[in-house]
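Q: Residue numbers (our numbering), protein chains in the order written: chain Z, 2 to 245; chain U, 12 to 579.
The beta-carbon is built from N, C-alpha and C at its ideal position, and this holds for glycine as well.
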């Protein structure tokens, strides 16, 4: 799914969370959103998911203007917040079943996908455990399994690498995400971990105080940087110096 | 009490102060934060006394109308009962789900210290409003009766005693009756108040007469009335028999120590093994002889059994609806709506069983009412009145149920309703939630007409009048579903917290439509001119629908976010 963000402005009272953000992401790309705390990463993801409403500007998915009433577009998007939205007293399996039905992804073959994913994320022995009894990492894995089983065209993930997942879970997520990008899925995630952004994503989008400061491939960013080995670190240093 | 080192706190304060003073940006932020904090404190100080003044106003009006100070005391009694229910809920939340509990439990702090800390918070928060309410209530009565200075002093001492009694009852209820649904008391009072406002001209005098005649009994029956009843000792017509109420009051205050001990015992951290969720495997059946092994661990399924559940698609199967009404609803819903219903009611939507319970309770009430009418007419009237009220409230609860659709969860510092993260739209969710209400509509109308007919019979009016009023009220409450749906959507958005033209317009329209609905609804029920009453009733229905559609327009016009911000 192709994403186009045109001049999106979003304010919370006196704070400008997004300042005329314009961005175009092609289908099949993995894009990491980088930025300091409060830079506007989560707000951008929320605007794309229809939770936050831009004050100005527009969001287009495959050239169709998006608003929260467009069910056809919302069914093609999966938003996974930093803390997955699950029914606490229900089991992992029940949560996955409810989510799959909402996305109409519970047809033939769903059971095989779910089984494979639960095995991949080491959740099979816990599948009947109520969500409230799981650790934060296990909860995030449950959200990921539901997202991967639903297999939407656009994945929006808030801080997947700071979710408390174990290394196996992170590895499994990366594998599935790369595979999905190969099948044309677009993946947009926020992170603070520069190494992950550098190695895992095809493009990096750097947000600072609600403005897009850089949006390019790692090679593109490297060509402009003085310190070729620490491209992203250098960019953050420059931003910090600029704001001081 | 301090939970941390005072030396550390002092050093921290000094460090923060130094950092703030050396940066102009931090200074600005500090000033803004301080301003917001001051504004919040000011609002609290202005809003809270308003409630006490409202109590004083009620006491004054009722005492003037009835010329009976005892009826004024009954108002204080009922107010204290409502305050008690709020107070118990606050205490339960503080001891069980306070935001700082999770963090405190992780720190090397003894359970007793955490308990004392939370209790201190509770006492600090509730003591002053509690005394203020009682002082204003009793003060108004004292003012009406032109008390001497000595009597004023005694009255204020009684206000303190009554507040202590309220705190003792709060602790007792939280410790010994934690499962009671305390929220029923304020919600019942709210609905009753609403009905009274809408139909004051018709039922107001009768309710007032009834309340006046039952006030002494009410003050005796409800524990919240025991301390206020001691006020009668200051009245010229007061009898010294009332002084005997000091015994239960002292006994209630005596329970404070025990209640505190029990509450503290409950707060202790206990490790427990969490059983499998109930949704995939049936609950364990009790043994044939009815005994239950309390030491047995909960059952756990192995990986092979779980794999089988997944492979066989058992987890993807819809649970077959049990009752007749549920089956009818299930047939009516399309697959998409079934998914949304399952999302809103993940434990399954129950309709038939709750209605059977309502019918059982109603029949029981009628039976008790008729039996008691052979002994005492007044008691029977109370039984019928309270029974009809509870039955109607239960029925309203069924019609207005939203399940978990609007449950809000924390995410990155804000609270987002669950539906917002999934592909569920405003129109789809509201339409789907309407269908169970429509299925229950015939039962609800029947319930409303029967209740209204019974009340009409008790009030000496014609049964036909009761049936018409019941029908109209039933449909009005049903149309109130439009309004409550909007309020449910609104509860987890920032639609009314932004100072923008769009949001101001939305708030004005919402408040206006809600007030108009109450006005038209009340007039539609009780205006004597029949054709005009029907027209006003229809206008109220249209107003509720318009309210819903207008909010939907604002929703789709992206006027607000589907999340709300926690208080700063």
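1) In angstroms with no decimal places, state the Cα-to-Cα distance between residue 316(U) and residue 94(Z).
2) Does DSSP classify residue 352(U) as helix, strand or coil?
3) Which residues in chain Z sit within 9 Å of residue 320(U), going by Cβ to Cβ distance?
4) Looking at C-alpha atoms only, which residue of 561(U), 54(U), 540(U), 255(U) is the closest neighbour of residue 522(U)?
5) Pull up the distance between the alpha-carbon of residue 232(Z) and that of residue 199(Z), whole angstroms please.
6) For the structure I just gave you, are there three or more beta carbon pairs, one from the region 431-448 of chain U and one from the region 381-398 of chain U, closer than 8 Å?
7) So for residue 254(U), helix, strand or coil by DSSP?
8) Could you tell me whether any Cβ in chain U is nearer than 9 Å to the Cβ of residue 52(Z)?
9) In the structure shown, what three-state DSSP assignment does residue 368(U) receive?
10) Determine the chain Z residues that contact residue 3(U) at a beta-carbon separation under 9 Å, and present them in chain order.
11) Kindly confirm or deny that the region 432-439 of chain U and the region 451-466 of chain U touch, where touching means at least three C-beta pairs closer than 8 Å.
12) Note down, in chain order, every chain U residue with its Cβ under 7 Å from the Cβ of residue 243(Z).
13) I need the boundaries of the alpha helix (DSSP H) containing residue 74(U), first residue and last residue.
14) Pick helix, strand or coil for residue 9(Z), following the three-state DSSP scheme.
15) Assign residue 66(Z) to one of three DSSP states: helix, strand, or coil.
16) State yes or no: is the beta carbon of residue 168(Z) nearer than 9 Å to at least one beta carbon in chain U?
17) Could you compute how far the alpha carbon of residue 113(Z) sits from the alpha carbon of residue 328(U)?
18) The alpha helix (DSSP H) that contains residue 495(U), what's its start and end?
19) Specify, as a first and last residue, the run of the beta strand (DSSP E) that residue 22(Z) falls within.
20) Applying a beta-carbon distance threshold of less than 7 Å, which residues of chain U neighbour residue 161(Z)?
21) Looking at the C-beta of residue 181(Z), does it have a partner C-beta in chain U at a distance below 9 Å?
22) Using 8 Å as the cut-off, can you tell me whether the region 140-147 of chain Z makes contact with the region 118-126 of chain Z, which would need three or more C-beta pairs spanning the two stretches below that distance?
23) Compare the C-beta of residue 520(U) with all C-beta atoms of chain Z and state if any pair is closer than 9 Å.
24) How long is the line joining the alpha carbons of residue 84(Z) and residue 42(Z), rounded to whole angstroms?
25) Go through the region 107-147 of chain U residue by residue and report every complete run of the alpha helix (DSSP H) that reaches 4 residues or more, in order.
26) Of all Cβ atoms in chain U, is any one closer than 9 Å to the Cβ of residue 61(Z)?
27) Return the residue from the list 208(U), 235(U), 63(U) that minimises the CA-CA distance to residue 95(U).
28) Please decide whether residue 152(Z) counts as near chain U, where near means a Cβ-Cβ distance under 9 Å.
29) Just the C-alpha distance for residue 243(U) and residue 265(U), rounded to the nearest angstrom, thanks.
30) In angstroms, rounded to a whole number, what distance separates the CA positions of residue 355(U) and residue 416(U)?
31) Are any of the Cβ atoms in chain U nearer than 9 Å to that of residue 146(Z)?
32) Give a yes or no on whether the minimum CB-CB distance between residue 14(Z) and chain U is below 9 Å.
33) Name, going along the chain, the residues of the region 395-427 of chain U whose beta-carbon falls closer than 8 Å to a beta-carbon of chain Z.
34) Identify the continuous beta strand (DSSP E) that holds residue 425(U) and give its terminal residues.
35) Grab me the residues of residue 396(U)'s own chain with a C-beta within less than 7 Å of its C-beta, minus the 5 sequence neighbours each way, in chain order.
36) Can you list, in chain order, the residues of its chain whose CB lies under 7 Å from that of residue 305(U), leaving out five sequence neighbours each side?
A: Based on what the coordinates show:
1) Here residue 316(U) refers to the residue found at position 305 when the second chain is read from its first residue. Here residue 94(Z) refers to the residue found at position 93 when the first chain is read from its first residue. It is roughly 13 Å from the alpha-carbon of residue 316(U) to the alpha-carbon of residue 94(Z).
2) For the purposes of this step, residue 352(U) is identified with residue 341 of the second chain, where counting begins at 1. Correct three-state label for residue 352(U): helix.
3) Position 309 of the second chain, counted from the first residue, corresponds to residue 320(U). Within chain Z, 94, 128, 129 have C-beta atoms less than 9 Å from the C-beta of residue 320(U), given in sequence order.
4) Position 511 of the second chain holds residue 522(U). The candidate whose alpha carbon is nearest that of residue 522(U) is 561(U).
5) Translated into the one-based positions of the first chain, residue 232(Z) becomes position 231. Translated into the one-based positions of the first chain, residue 199(Z) becomes position 198. So the two alpha carbons sit approximately 9 Å from each other.
6) Judged by Cβ distances under 8 Å, the region 431-448 of chain U makes no contact with the region 381-398 of chain U, as fewer than three pairs qualify.
7) Stepping through the second chain from its first residue, residue 254(U) is reached at position 243. Three-state DSSP puts residue 254(U) in a helix.
8) One-based indexing of the first chain puts residue 52(Z) at position 51. The beta-carbon of residue 52(Z) is placed less than 9 Å from the nearest beta-carbon of chain U.
9) Start at 1 with the first residue of the second chain, and residue 368(U) comes out as number 357. Correct three-state label for residue 368(U): helix.
10) Since the first residue shown for chain U is 12 and the last is 579, residue 3(U) is missing from the structure and cannot be characterised.
11) Taking 8 Å as the limit for Cβ pairs, the verdict is that the region 451-466 of chain U does not touch the region 432-439 of chain U.
12) For this step, residue 243(Z) is matched to residue 242 along the first chain. Here the premise fails: no neighbours, minimum Cβ distance about 15 Å.
13) Reading the second chain from its first residue, position 63 is the one you call residue 74(U). Per DSSP, residue 74(U) belongs to the alpha helix (DSSP H) from 35-77.
14) Working through the first chain from its first residue, we reach residue 9(Z) at position 8. Assignment of residue 9(Z) by DSSP, reduced to helix, strand and coil, places it in the strand class.
15) Reading the first chain from its first residue, position 65 is the one you call residue 66(Z). In the structure shown, residue 66(Z) falls within a strand segment according to DSSP collapsed to helix, strand and coil.
16) The sequence position of residue 168(Z) within the first chain is 167, counting from 1. Answer no: the Cβ-Cβ gap between residue 168(Z) and chain U never drops below 9 Å.
17) Here residue 113(Z) refers to the residue found at position 112 of the first chain. Here residue 328(U) refers to the residue found at position 317 of the second chain. Computed Cα separation, rounded: 15 Å.
18) Locating residue 495(U) in the second chain gives position 484, counting from the first residue. For residue 495(U), the enclosing alpha helix (DSSP H) starts and ends at 474-502.
19) The residue labelled residue 22(Z) in the question sits at position 21 within the first chain. Residue 22(Z) -> beta strand (DSSP E) spans 16-26.
20) Counting from 1 along the first chain, the entry for residue 161(Z) is found at position 160. The contacting residues do not exist; residue 161(Z) stays about 13 Å from chain U at best.
21) Within the first chain, the letter at position 180 stands for residue 181(Z). With 9 Å as the cut-off, residue 181(Z) does not count as an interface residue toward chain U.
22) At 8 Å Cβ cutoff, the stretches touch.
23) As a position in the second chain, residue 520(U) is number 509, starting the count at 1. Chain Z, which has no Cβ nearer than 9 Å to the Cβ of residue 520(U), makes this no.
24) Walking along the first chain from the start, residue 84(Z) turns up at place 83. Walking along the first chain from the start, residue 42(Z) turns up at place 41. Residue 42(Z) has its alpha-carbon roughly 15 Å from the corresponding atom of residue 84(Z).
25) Correct list: 112-117.
26) Locating residue 61(Z) in the first chain gives position 60, where the first residue counts as 1. Any Cβ of chain U closer than 9 Å to the Cβ of residue 61(Z) would place that residue at the interface, and such an atom is absent.
27) Counting from one through the second chain, the residue named residue 95(U) turns up at place 84. For residue 95(U), the closest C-alpha among the options 208(U), 235(U), 63(U) is that of 235(U).
28) In the first chain, counting from the first residue as 1, residue 152(Z) sits at position 151. Judged by the 9 Å Cβ criterion, residue 152(Z) is not in contact with chain U.
29) Position 232 of the second chain holds residue 243(U). Position 254 of the second chain holds residue 265(U). Straight-line spacing of the CA atoms in residue 243(U) and residue 265(U) works out to 23 Å.
30) Counting from 1 along the second chain, the entry for residue 355(U) is found at position 344. Counting from 1 along the second chain, the entry for residue 416(U) is found at position 405. Between the C-alpha atoms of residue 355(U) and residue 416(U) there is a straight-line separation of about 4 Å.
31) Walking along the first chain from the start, residue 146(Z) turns up at place 145. So, not an interface residue.
32) By 1-based counting over the first chain, the position of residue 14(Z) is 13. Taking Cβ atoms only, chain U reaches closer than 9 Å to residue 14(Z), which makes this a yes.
33) Against chain Z - using a Cβ distance shorter than 8 Å - the residues of the region 395-427 of chain U are 415, 420, 421, 422, 423, 427.
34) Along the second chain, read from residue 1 onward, the residue named residue 425(U) stands at position 414. Run containing residue 425(U): 425-428, per the beta strand (DSSP E) assignment.
35) Start at 1 with the first residue of the second chain, and residue 396(U) comes out as number 385. A distance below 7 Å between beta-carbons, with the five flanking residues on each side excluded, links residue 396(U) to no residue of its chain.
36) As a position in the second chain, residue 305(U) is number 294, starting the count at 1. Reliability of the predicted coordinates at residue 305(U) is poor, the pLDDT of 49 falling under 50, and the value obtained from them is presented with this limitation in mind. There are no such residues.
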